[in-house]
């Protein structure tokens with residue numbers, strides 16, 4: 001059996017009429033509202049034209065209407081599979097523009113919720129990608145674990161999907177008592193679930209044949225297309241914002257950046273498997289090192305003063321009033337700040353005019369440039385490959401269309 | 001644990017100013033981030049230099065975004081496009097800004113340098129109305145094709161309602177040569 | 001004329017049996033997939049508070065299918081569109097006609113073959129009729145006038161025609177071994193022992209053919225990993241445009257195909273109705289102990305049900321107490337009936353008619369057990385493997401299975417010729 | 001009863017044959033062909049030629065007609081385009097002539113056959129797989145049969161070669 005990624009040589013060519021097929025905007029494999037117009041010669045894709053925007057909600061425009069804080073709930077809805085990562089990314093960017101640094105406990109908690117979120121996102125990415133190639137059972141092995149994470153997130157944030165947990169300079173609230181135990185109880189489940197799914201796919205020849213060479217892209221091209229995150233790492237480029245530009249003490253934790261080789265659908269899945277395990281490692285270390293102390297910066301121009309102080313002192317009352325009425329005043333200027341989200345580099349380019357409202361909130365969604373390479377990835381391959389490749393990119397319409 | 005700023009490569013911009021005369025109109029470094037204002041006529045040369053400079057190697061167009069400077073302190077020319085470049089090999093970033101007037105919002109396309117520019121530029125065109133000349137497929141990307149106006153401009157009336165109904169058949173793009 | 005009446009009666013029984021097998025298989029599919037996937041599975045629908053582990057979901061599904069709006073999209077080719085699901089179901093049912101569920105019932109000069117049609121070329125009949133099943137899919141895909149179903153139909157036409165080849169070659173290897181194409185004779189031959197100890201089942205004589213046959217059967221029934229005509233995450237399937245009971249008929253046809261394929265595999269490879277080491281004559285001679293054994297099996301099953309029921313939560317308010325009561329009652333009844341049968345078998349002296357009936361019952365049970373086991377195998381495979389891609393499927397069919405089946409056939413024929421078996 | 005079935009199947013096959021060549025829609029033609037094949041298989045079964053009847057369905061209906069449909073789906077003939085090519089008088093006349101010639105030839109052969117034996121053919125003597133096999137593989141027909149198989153093989157190889165070259 002040949003391993004050629006290009007299937008042209010394998011199918012006898014029949015001269016047939018070309019057929020136009022709309023994959024989406026409502027299609028079981030699009031996991032959201034994406035549309036690709038496919039021009040097919042039999043089952044081979046001659047041309048793929050993606051259309052996006054079906055979920056465009058004007059995130060960037062809406063962000064300009066309220067205060068800086070009021071953007072946070074919108075960020076939940078970017079990549080809704082990992083809302084906490086978006087919360088962290090946005091608040092970190094605003095704090096960078098403010099020039100404040102959150103206390104160590106806050107940073108550690110942000111690392112913890114980020115990695116939880118990353119695990120949840122990878123679980124859904126791998127699970128649904130495997131569903132796309134017909135392996136349905138893995139989906140439940142991962143979703144059972146994901147559900148337990150969601151319960152934890154719900155207990156922590158009061159919401160499962162739209163967390164809005166992180167605040168500029170602070171958090172919604174500290175960890176609830178017993179969170180560490182809850183999470184610690186969950187940690188051994190992660191490698192177990194990964195082993196379950198790997199057991200079903202890793203030595204399964206159909207899985208390898210379905211994913212090997214599918215949607216492959218060499219590293220150089222991936223970089224030119226702006227790939228980041230697992231999709232770039234699957235090409236063998238060890239770029240991870242957490243390693244290359246460490247924040248929140250990621251450099252003081254012991255973990256590795258897994259990379260693939262071929263940059264195909266299989267490597268994307270395998271890289272994500274490994275990243276789940278690495279995130280579990282990070283979680284264990286972050287839990288062990290979780291420092292005590294405040295979670296909020298001691299600056300009442302940035303965070304709301306504690307309620308008892310508001311009732312007791314005029315300064316606190318003033319601070320409270322100013323933030324509530326005017327919003328946090330972010331000094332005029334611009335900044336680009338990024339974090340490693342589940343799909344890659346989540347960048348925020350912020351412009352402030354010094355008022356209490358954002359002047360411009362530009363978000364660089366990691367899957368936007370990745371998805372723009374979709375025609376390059378699938379043209380010349382088969383319809384089934386398009387579906388398998390699409391799942392591996394983990395395109396989330398909420399983040400793509402904003 | 002410090003709030004670590006990613007390395008921003010100001011020296012690359014110094015080299016750029018030297019290598020491509022007139023390409024750096026002004027340095028806009030702020031918050032520790034290296035940034036340069038580039039005249040529209042020089043932007044392609046500047047981008048190409050930064051991409052190919054063996055000491056720079058900014059091989060990734062990380063981001064390309066528009067800004068409407070209408071009510072900023074320095075409002076003219078009104079429309080700004082910001083390029084963020086990244087060097088994977090050196091883990092370094094730079095930012096280039098280009099400003100164009102509202103009357104003549106034209107820039108050369110960077111699609112010849114990076115395929116990533118394709119959709120980024122379409123988005124800027126869609127939301128800010130800046131046209132990228134030479135772009136292979138400059139059409140709206142996030143908004144509907146029947147949408148009128150450019151919503152991220154500051155003077156776009158946000159209460160305005162538009163009826164858009166006719167889906168894009170997309171067949172025009174089928175025939176377009178792949179860049 | 002009584003022959004025609006008997007034939008009609010057998011046909012009706014077979015059709016009813018197969019149609020009732022569908023909900024059972026659906027239930028097995030749902031519960032087994034739930035078991036495999038670490039979840040509970042259907043457990044809500046109930047009648048009078050009885051739930052029976054989700055059994056009634058099938059009834060609810062039937063109600064849903066029958067009452068949903070039956071949409072015929074504008075622009076479809078009406079006649080083939082309506083014809084396709086009916087054709088699929090008919091063909092699936094007809095294929096089962098030649099499969100014997102037990103040895104010929106005979107007593108006092110009367111003999112009744114326990115199959116609808118005892119054709120000389122019975123095995124070929126199954127292939128011929130089920131090869132018509134592809135029309136159901138192709139017509140559905142074509143008549144829908146929609147791209148995705150058309151893709152499904154194209155895949156299906158290629159796939160079903162391709163996999164018929166190794167499937168038939170595998171079956172013919174078995175037929176060569178036993179020297180006949182008549183299903184009942186094939187099963188009879190499998191009652192003999194090899195090495196004086198093992199029943200001469202097809203799987204022992206033709207292990208390679210068994211693997212090829214089961215693989216081909218998976219492909220012919222459009223089940224994962226060969227469910228490309230359906231391929232719900234890619235092209236959504238040839239039946240996208242169908243709704244209501246028309247869609248339901250496709251589903252039923254699929255499950256009946258599974259049942260028929262399993263039954264055929266059991267007939268060819270697992271000894272069909274043969275109870276291992278107990279040929280028909282032995283069963284008839286020792287009808288008493290056999291009945292006692294059947295009774296004991298029934299009693300054990302009843303006891304298991306009773307034990308399971310006792311572990312369900314009880315009490316007036318517990319949601320599953322009625323289930324416990326009903327299942328426990330049935331289990332108790334099973335124990336009583338089983339013990340009664342056992343007592344009859346050991347005590348009473350049976351007439352020749354009764355002896356033949358007992359033997360046939362034992363054989364039918366053995367056949368049913370083998371068939372259901374294979375059906376479960378189908379379900380198991382479905383929830384374990386990913387789906388092939390079109391070209392890989394074709395490559396497997398034409399470049400691997402077909403040559404393998406051919407080689408197997410040639411080797412078999414050569415071996416038989418060397419042994420002088422062919423001149424029979 | 002046999003006679004009734006025979007006439008029913010016979011007229012069905014004639015009707016289906018007519019429908020096959022008169023239908024405008026290629027799909028309808030293909031379906032008529034399918035009906036024709038099934039009806040002929042029924043006739044074979046009536047003649048106690050079980051093997052032939054079932055192989056008729058297996059090979060012609062189950063495989064060849066499916067391939068015809070497969071090609072039709074690929075080509076997706078426009079019904080209107082087919083209608084535009086109404087048969088010309090010349091080709092119609094040629095068809096009638098050729099048809100008449102074939103009919104005459106068939107009739108001649110049929111009329112020259114010896115009269116049917118009075119006793120019915122025993123069920124297990126001719127139509128079974130065993131008897132067909134005996135005739136084809138052990139009798140004088142063995143060499144013609146094998147030569148035809150070889151010819152078919154060559155044809156398949158040729159078709160594959162032609163299709164591959166067209167890439």
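Protein chains in written order, with my numbering: chain A, 1 to 402; chain B, 1 to 179; chain C, 1 to 424; chain D, 1 to 167. C-beta: ideal position from N, C-alpha, C; glycine also. Computed from a prediction, not measured in an experiment: that's the story for all the values here.
Exposed unless 16 or more other CB atoms sit within 10 angstroms - verdict on residue i
i: residue 146 (chain B); result: exposed
i: residue 217 (chain C); result: buried
i: residue 172 (chain B); result: exposed
i: residue 149 (chain D); result: exposed
i: residue 80 (chain B); result: buried
i: residue 2 (chain A); result: Residue confidence is low: residue 2 (chain A) scores 36 on pLDDT, short of 50, so the model does not pin down where it sits. Its coordinate-derived value is still stated next. Exposed, since its Cβ has fewer than 16 Cβ neighbours within 10 Å.
i: residue 84 (chain B); result: buried
i: residue 273 (chain C); result: buried
i: residue 111 (chain C); result: exposed
i: residue 158 (chain B); result: exposed
i: residue 195 (chain C); result: exposed
i: residue 307 (chain A); result: exposed
i: residue 20 (chain C); result: exposed
i: residue 139 (chain D); result: exposed
i: residue 80 (chain D); result: Caution applies to residue 80 (chain D), whose pLDDT of 49 falls short of 50 and renders its modelled position unreliable; the value that the coordinates give is listed next. Classification of residue 80 (chain D): exposed, given that the 10 Å Cβ count is below 16.
i: residue 401 (chain A); result: buried
Option in the options with minimal Cα separation from residue i
i: residue 257 (chain C); options: C:26, C:7 and C:6; result: C:26
i: residue 275 (chain A); options: A:206, A:245, A:239 and A:327; result: A:239
i: residue 390 (chain C); options: C:234, C:329, C:330 and C:410; result: C:234
i: residue 43 (chain A); options: A:381, A:68 and A:84; result: A:381
i: residue 69 (chain B); options: B:17, B:99, B:92 and B:54; result: B:99
i: residue 193 (chain C); options: C:378, C:81, C:89 and C:275; result: C:275
i: residue 470 (chain A); options: A:156, A:102, A:292 and A:120; result: Missing from the structure shown is residue 470 (chain A); chain A here goes from 1 to 402 and no further.
i: residue 170 (chain A); options: A:201, A:273, A:65 and A:328; result: A:328
i: residue 248 (chain A); options: A:225, A:282, A:217 and A:215; result: A:282
i: residue 127 (chain C); options: C:69, C:61 and C:265; result: C:265
i: residue 191 (chain C); options: C:171, C:363 and C:12; result: C:363
i: residue 287 (chain A); options: A:18, A:113, A:87 and A:52; result: A:113
i: residue 292 (chain C); options: C:336, C:15 and C:10; result: C:336
i: residue 62 (chain B); options: A:355, A:222 and A:324; result: A:222
Per DSSP, cross-strand counterpart(s) of residue i
i: residue 337 (chain A); result: A:348
i: residue 39 (chain A); result: A:20 and A:47
i: residue 47 (chain C); result: C:50
i: residue 63 (chain B); result: B:84
i: residue 106 (chain C); result: C:111
For residue i, three-class secondary structure by DSSP
i: residue 147 (chain A); result: helix
i: residue 80 (chain D); result: Because the pLDDT at residue 80 (chain D) is just 49, under 50, the model does not fix this residue reliably, and the point stays unresolved.
i: residue 55 (chain C); result: coil
i: residue 11 (chain D); result: helix
i: residue 169 (chain B); result: coil
i: residue 277 (chain C); result: coil
i: residue 137 (chain A); result: helix
i: residue 389 (chain C); result: coil
C-beta atoms of residue i and residue j nearer than 8 Å
i: residue 426 (chain C); j: residue 65 (chain C); result: For chain C, the structure presents residues 1 to 424; residue 426 (chain C) sits outside this window and is missing.
i: residue 138 (chain C); j: residue 69 (chain D); result: yes
i: residue 300 (chain A); j: residue 284 (chain A); result: no
i: residue 87 (chain B); j: residue 38 (chain B); result: no
i: residue 212 (chain A); j: residue 132 (chain A); result: no
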